[in-house]
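**Student:**
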Amino acid sequence: MAVTNRQQELVVTVSPHVRSEESTAKIMWTVTLSLLPAFVMAVYYFGPRAVYVTALTVIGSLFSEWLIERMAGKEITLSDGSAFLTGVLLGMNLPSSVPFYIPLVSSFVAVAITKQLFGGLGYNIFNPALIGRAFALITWPRAMTTWFTPTAAFVAMDAKTTATPLGILKEEGMHKLLEVFGDKMHLYQSLLMGHRAGSLGETSVIAILIGAAFLLYKRYISLHIPLSFIGTVAVLTWAFGGKQGLFTGDPIVHILSGGLMLGAFYMATDYVTCPTVKKGQIIFGIGCGALTALIRLKAGYPEGVMFAILLMNCFTPLIDRNLKSKVFGARKEASK
Numbered sequence: 001m002a003v004t005n006r007q008q009e010l011v012v013t014v015s016p017h018v019r020s021e022e023s024t025a026k027i028m029w030t031v032t033l034s035l036l037p038a039f040v041m042a043v044y045y046f047g048p049r050a051v052y053v054t055a056l057t058v059i060g061s062l063f064s065e066w067l068i069e070r071m072a073g074k075e076i077t078l079s080d081g082s083a084f085l086t087g088v089l090l091g092m093n094l095p096s097s098v099p100f101y102i103p104l105v106s107s108f109v110a111v112a113i114t115k116q117l118f119g120g121l122g123y124n125i126f127n128p129a130l131i132g133r134a135f136a137l138i139t140w141p142r143a144m145t146t147w148f149t150p151t152a153a154f155v156a157m158d159a160k161t162t163a164t165p166l167g168i169l170k171e172e173g174m175h176k177l178l179e180v181f182g183d184k185m186h187l188y189q190s191l192l193m194g195h196r197a198g199s200l201g202e203t204s205v206i207a208i209l210i211g212a213a214f215l216l217y218k219r220y221i222s223l224h225i226p227l228s229f230i231g232t233v234a235v236l237t238w239a240f241g242g243k244q245g246l247f248t249g250d251p252i253v254h255i256l257s258g259g260l261m262l263g264a265f266y267m268a269t270d271y272v273t274c275p276t277v278k279k280g281q282i283i284f285g286i287g288c289g290a291l292t293a294l295i296r297l298k299a300g301y302p303e304g305v306m307f308a309i310l311l312m313n314c315f316t317p318l319i320d321r322n323l324k325s326k327v328f329g330a331r332k333e334a335s336k
């Protein structure tokens, strides 16, 4: 009776020995899917222009990634969904009124320069979609600050320009904001549902929260950054945002207005550009909130979410370096 010895191969790998069905592509496409409610509401309020702008940013992002990777002789990574997600997020950060060249150029800046020239996915220092928006705002300030009134009619052709709630609050005060929306309850309702001027992603807060809840359920994001970000904005605008003295501001208006919700749940939580440790994420969120409140209340721009996140992206390596996890089992160096 013949006995055969089977040679077994011993595979040794470094820790951590983590097994997961999640992949970069799955996460990217899932995050894109979670933006669907906000995109649907953008289409509902701004009509075909929302589809047009977002389609241009997605096409520009995909082409930019393909072009740079082809020129560099690298593997084409369009299937991982990161360029597609960048295009969607960039589109959500643009007004519905922008001309066609702004989405195309800003998507090239976002993907080709901010992402690929730094080495590709995982190596970029700044959030690509926000850099694309920042470039567009600095280069074409008039076009980027022209807002269409939401019509809630898909075939509406008579779009009118108006100011955003934060713009009205900044220039004319709360009394003018209440004059436009009626009373505080109607103001809060309009901000919550999305019936106000702004970027495509500044429409329905409820729709954004639905997508964010899905990401929290999937554990793709945590509440450390969003809660510290939004909470800091609320406290500071309540304390310093009123004209009648300390603690006379309206934090609810600031929480529901502008790109705070989109920024807190989708932009500030970017895996690559935010801290990895929990304490660092809280510090990051507080910093974003403080800078947002400072810009909104004291600077020339009525909105500060974009600049706040980009500035805090600079501090991410420093935060991670100083709050890195302890290494267990390492030998301590003897003190001299």
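Numbering (my numbering), first residue to last: 1 to 336.
Virtual Cβ for every residue (Gly too), placed ideally from N, Cα, C.
All values reported here derive from a predicted model rather than from experimental measurement.
According to the Cβ coordinates, are Val43 and Val51 closer than 8 Å?
**Tutor:** Against a cut-off of 8 Å, the Cβ pair of Val51 and Val43 comes out as a contact.
**Student:** Please list, in chain order, all residues of the same chain as Ile282 whose beta carbon is under 7 Å from its beta carbon, the five residues on each side excluded.
**Tutor:** Answer for Ile282: His224 and Ser228, listed in chain order.
**Student:** Between which two residues does the alpha helix (DSSP H) containing Met267 stretch?
**Tutor:** Met267 -> no alpha helix (DSSP H), and no H or E assigned at all.
**Student:** Ordered along the chain, which non-local residues of its own chain (more than five positions away) have a Cβ less than 6 Å from that of Leu215?
**Tutor:** So the list reads Ser34 and Ile221, once near-sequence residues are dropped.
**Student:** Any contact of the segment 71–85 with the segment 162–181, i.e. 3+ C-beta pairs under 8 Å?
**Tutor:** Touching, no, given that fewer than three Cβ pairs across the two stretches are closer than 8 Å.
**Student:** Cutting at 7 Å between CB atoms, please list the residues of its own chain near Val53, excluding the five before and the five after it.
**Tutor:** Within the same chain, Val53 has close Cβ partners Gly91, Leu94, Ser96, Val98, Pro103 and Leu200.
**Student:** Buried or exposed: which applies to Lys278, given that a residue is buried once 16 or more other Cβ atoms fall within 10 Å of its Cβ?
**Tutor:** With fewer than 16 other Cβ atoms within 10 Å, it is exposed.
**Student:** Using the Cβ count rule (16 or more neighbours within 10 Å means buried), how would you classify Asn322?
**Tutor:** Asn322 comes out exposed.
**Student:** Terminal residues of the continuous alpha helix (DSSP H) containing Cys288?
**Tutor:** Start and end: Lys278 to Lys298.
**Student:** What residues in its chain sit with their C-beta under 6 Å from that of Asp250, if we drop five residues either side in the sequence?
**Tutor:** The answer is none, since no qualifying residue turns up.
**Student:** DSSP has Thr161 in a bridge; who is on the other side?
**Tutor:** In DSSP, Thr161 forms a bridge with Phe148.
**Student:** Where Lys170 and Thr77 are concerned, what is the direct C-alpha to C-alpha distance, given to the nearest angstrom?
**Tutor:** Rounded to whole angstroms, Lys170 to Thr77 spans 43 Å at the Cα level.
**Student:** Roughly how many angstroms lie between the CA atoms of Tyr123 and Val272, to the nearest whole one?
**Tutor:** Rounded to whole angstroms, Tyr123 to Val272 spans 7 Å at the Cα level.
**Student:** Starting from the N-terminal side, write out each stretch of the alpha helix (DSSP H) that is 4 residues or longer and does not extend beyond the segment 97–154.
**Tutor:** Counting whole runs of 4 or more residues, the segment 97–154 contains the alpha helix (DSSP H) stretches 101–108, 128–139 and 141–144.
**Student:** Enumerate in chain order the residues of its own chain whose CB-to-CB distance from Leu297 is below 8 Å, with the five nearest sequence positions on each side excluded.
**Tutor:** Around Leu297: Leu236, Thr237, Phe240 and Gly241.
**Student:** Just mark Asp183 as buried or exposed, buried being the case when its beta carbon has 16 or more other beta carbons within 10 Å.
**Tutor:** The residue is exposed, with fewer than 16 neighbouring Cβ atoms inside 10 Å.
**Student:** Evaluate Gln244 with the Cβ neighbour count: other Cβ atoms within 10 Å of its Cβ, from every protein chain shown; 16 or more gives buried, anything less gives exposed.
**Tutor:** It counts as exposed.
**Student:** Applying the criterion that 16 or more other CB atoms from any shown protein chain within 10 Å of the CB defines a buried residue, is His186 buried or exposed?
**Tutor:** Exposed, because fewer than 16 other Cβ atoms sit within 10 Å of the Cβ of His186.
**Student:** What did DSSP end up calling Lys218 once you bin it into helix, strand or coil?
**Tutor:** Here Lys218 sits in coil by DSSP.
**Student:** Examine chain C for any beta-carbon lying closer than 8 Å to the beta-carbon of Lys184, and answer yes or no.
**Tutor:** Note that chain C does not occur in the displayed structure, where there is just one protein chain.
**Student:** Can you grab the Cα-Cα spacing for the pair Thr145 / Pro37, in whole Å?
**Tutor:** Going from the Cα of Thr145 to the Cα of Pro37 covers about 24 Å.
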